[in-house]
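Q:
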Amino acid sequence: MLDPKLLRADIDSVASKLKRRGYELDVEAFNKLEEQRKAIQVETQNLQNERNTRSKGIGQAKAKGEDIQPLLDEVASLGEKLKTAESELNKIQSRLEEILFGIPNIPDDSVPDGNSETDNVELRRWGTPAELDFEPKEHFDLGSAKGLMDFEVAAKLTGSRFVVLSGPLARMQRALEQFMLDTHTQEHGYSETYVPFMVNRDSLFGTGQLPKFEEDLFALKGDSNYYLIPTAEVPLTNLVRDVIVDDEYMPRKWVAHTPCFRSEAGSYGKDTRGMIRQHQFEKVELVQAVRPADSYDVLEELTGHAEKILQKLGLPYRVMSLCAGDMGFSSAKTYDLEVWLPGQGTYREISSCSNFEDFQARRAQARWRNPETGKPENITIPEVLRPYMGDIEKI
RNA sequence: GGAGAGAUGGCCGAGCGGCUGAAGGCGCUCCCCUGCUAAGGGAGUAACUGGUUAAGAGCUGGUUCGAGGGUUCAAAUCCCUCUCUCUCCGCCA
Numbered sequence: 072m073l074d075p076k077l078l079r080a081d082i083d084s085v086a087s088k089l090k091r092r093g094y095e096l097d098v099e100a101f102n103k104l105e106e107q108r109k110a111i112q113v114e115t116q117n118l119q120n121e122r123n124t125r126s127k128g129i130g131q132a133k134a135k136g137e138d139i140q141p142l143l144d145e146v147a148s149l150g151e152k153l154k155t156a157e158s159e160l161n162k163i164q165s166r167l168e169e170i171l172f173g174i175p176n177i178p179d180d181s182v183p184d185g186n187s188e189t190d191n192v193e194l195r196r197w198g199t200p201a202e203l204d205f206e207p208k209e210h211f212d213l214g215s216a217k218g219l220m221d222f223e224v225a226a227k228l229t230g231s232r233f234v235v236l237s238g239p240l241a242r243m244q245r246a247l248e249q250f251m252l253d254t255h256t257q258e259h260g261y262s263e264t265y266v267p268f269m270v271n272r273d274s275l276f277g278t279g280q281l282p283k284f285e286e287d288l289f290a291l292k293g294d295s296n297y298y299l300i301p302t303a304e305v306p307l308t309n310l311v312r313d314v315i316v317d318d319e320y321m322p323r324k325w326v327a328h329t330p331c332f333r334s335e336a337g338s339y340g341k342d343t344r345g346m347i348r349q350h351q352f353e354k355v356e357l358v359q360a361v362r363p364a365d366s367y368d369v370l371e372e373l374t375g376h377a378e379k380i381l382q383k384l385g386l387p388y389r390v391m392s393l394c395a396g397d398m399g400f401s402s403a404k405t406y407d408l409e410v411w412l413p414g415q416g417t418y419r420e421i422s423s424c425s426n427f428e429d430f431q432a433r434r435a436q437a438r439w440r441n442p443e444t445g446k447p448e449n450i451t452i453p454e455v456l457r458p459y460m461g462d463i464e465k466i
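Residue numbering for the first sequence follows the numbering used here, starting at 72 and increasing by one per position.
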């Protein structure tokens, strides 16, 4: 959510920046509502003030043993007036909020113009796609041929857009997860984190999936408050929801491996073959909470961390700066990493790095200030697990 | 699933429906004292937000004692619903 003060102070420039991403802000409507809000809020607070001082007076009179009936008669009509004013104020404020929560983040000035994918700007390439003297196959042909990747049996178990991996392929997925976690924790300074795979509405609201994108989520048991996470970004970012942290707390660097669940509503017919657009997939997510002034440097740094993984794996890729019209709702600037897919003869998105500025923080009421340092305690690791944990003996 | 207890400021912990934004303690900040250390004395110490303003300075309002409703002139205090935490019993693919 944008800073309401920014909208009050300089709505025109906000509107023109939002226009770059194809969002039309109704300036006139907002200003009008805002004017009403101000008038009614002042009136309401005046009435509250009157009630407070009068009630105090009644209390004091009673304490002195005076007759309070005349005073009670005086305030008789106050309650009704206050109630009316308050409900009017609530109505206007919730309308303002509705507008506010529906406004996407402002694209940074460095974000290229454009409306769609085709306007994204390539920044750099790494690696060269191999020259092959044979016809490369798609991953699903390779996997299916070896009997290690089975979409049919997954469809039987659940439905379309799921997969069963077997033997070395399942193990390779695990190896990738481990490799990424180890690289990010040991070389890039992230703190490994295990989080719930289900979150409540407040958390989804904090990162901006709700209220607008409910249909992209899997909810549990109808009207329950539990949703499967579409990305670990949700639990990780919400770690600091409603929290005021100390300056020393920053920067915070989290990495988590989780399954992700997406309904892929609206993408029917797209990428129906293979593992590219599944309802369930594994992801290693990086999230940093940093001081506002550092956020753009950190975006570059974090993108570099993601690139490092592809470099170590020897996978050619390119870095795209998404244009204003192609960025996600909460993002102020986004880089996509696109990896070369020999079977498709093209680069495809594999990773996405965004700076949300204070958009999510404000939504989630995450602020910074005071620290809470816990004392570390030693936990002995069972011997058989040590090989999987870099041979350390204690935590 | 059943029975019970609880949720108050950075932390601990009081709190008869009005004079409690909240006693007391700890912590923290500043000052005094003490040749170091320890101790002692004094003062201060919630957040958010509206209006005003160039202002995150000041002034002046409002809101907040787990959350949401309600009763009342007045609610941390009374009533209802919900969430979470703790204890005991049951269940556990």
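We treat Cβ as the ideally placed atom computed from N, Cα and C, and that holds for glycine.
Which one of 360, 76 and 231 has the shortest CA to CA distance from residue 261?
A: If we check each option's Cα against that of residue 261, 360 comes out closest.
Q: Could you round the C-beta distance between residue 302 and residue 354 to whole angstroms and report it? I think they count as a contact, below 8 Å.
A: 6 Å
Q: If you pair each beta-carbon of the segment 416-433 with each one of the segment 370-384, do three or more pairs fall below 8 Å?
A: Enough Cβ pairs lie closer than 8 Å, so yes.
Q: Using the C-alpha atoms, what's the distance from residue 428 back to residue 112?
A: 30 Å
Q: Decide yes or no for the touch test of the segment 137-146 against the segment 81-89: beta carbon pairs closer than 8 Å, at least 3 of them.
A: no
Q: Going by DSSP, name the residue or residues bridged to residue 424.
A: 406
Q: For residue 352, name the three-state secondary structure that DSSP assigns.
A: strand
Q: Tell me the DSSP bridge mates of residue 221?
A: 235
Q: Going by DSSP in three states, residue 195 sits in which element: helix, strand or coil?
A: strand
Q: Buried or exposed: where does residue 298 fall if 16 or more other Cβ atoms within 10 Å of its Cβ makes it buried?
A: buried
Q: Should residue 446 go down as buried or exposed, given a rule of 16 or more other Cβ atoms within 10 Å for buried?
A: Its pLDDT being 33, under 50, residue 446 is placed unreliably by the model, and the measurement read from it follows with that caveat. Classification for residue 446: exposed.
Q: Buried or exposed: which applies to residue 309, given that a residue is buried once 16 or more other Cβ atoms fall within 10 Å of its Cβ?
A: buried
Q: What do you reckon, are the CB atoms on residue 476 and residue 105 nearer than 9 Å?
A: Since the first and last residues shown for the chain are 72 and 466, residue 476 lies out of range.
Q: Report the three-state DSSP secondary structure of residue 112 (helix, strand or coil).
A: Secondary structure of residue 112 (DSSP, three-state): helix.
Q: For residue 182, which three-state DSSP category applies?
A: coil
Q: Going straight from the alpha carbon of residue 219 to that of residue 203, what length do you get?
A: 24 Å
Q: May I ask you to list the residues that DSSP assigns as paired with residue 43?
A: Given a span of 72 to 466 for the chain in the structure shown, any question on residue 43 remains unanswerable.
Q: Can you check which of these residues, 193, 216 and 255, is closest to residue 381 by C-alpha distance?
A: 255
Q: Is residue 441 buried or exposed, if buried means 16 or more other CB atoms sit within 10 Å of its CB?
A: Below a pLDDT of 50, predicted positions are generally treated as unreliable, and residue 441, at 33, falls in that range; no measurement from the model is reported.
Q: Excluding sequence positions up to five away, which residues of its chain have a Cβ less than 7 Å from the Cβ of residue 358?
A: 304, 307, 308 and 325
Q: So who's on the other strand from residue 329, going by DSSP bridges?
A: 354
Q: Compute the Euclidean distance between the alpha carbons of residue 97 and residue 174, then round it to the nearest angstrom.
A: So the alpha carbons of these two residues sit roughly 10 Å apart.
Q: Reducing DSSP to helix, strand and coil, say where residue 79 ends up.
A: helix
Q: Going straight from the alpha carbon of residue 414 to that of residue 461, what length do you get?
A: 36 Å
Q: Does DSSP put residue 415 in a helix, a strand or coil?
A: coil
Q: When the distance is taken between beta carbons, is residue 286 closer than 9 Å to residue 334?
A: yes
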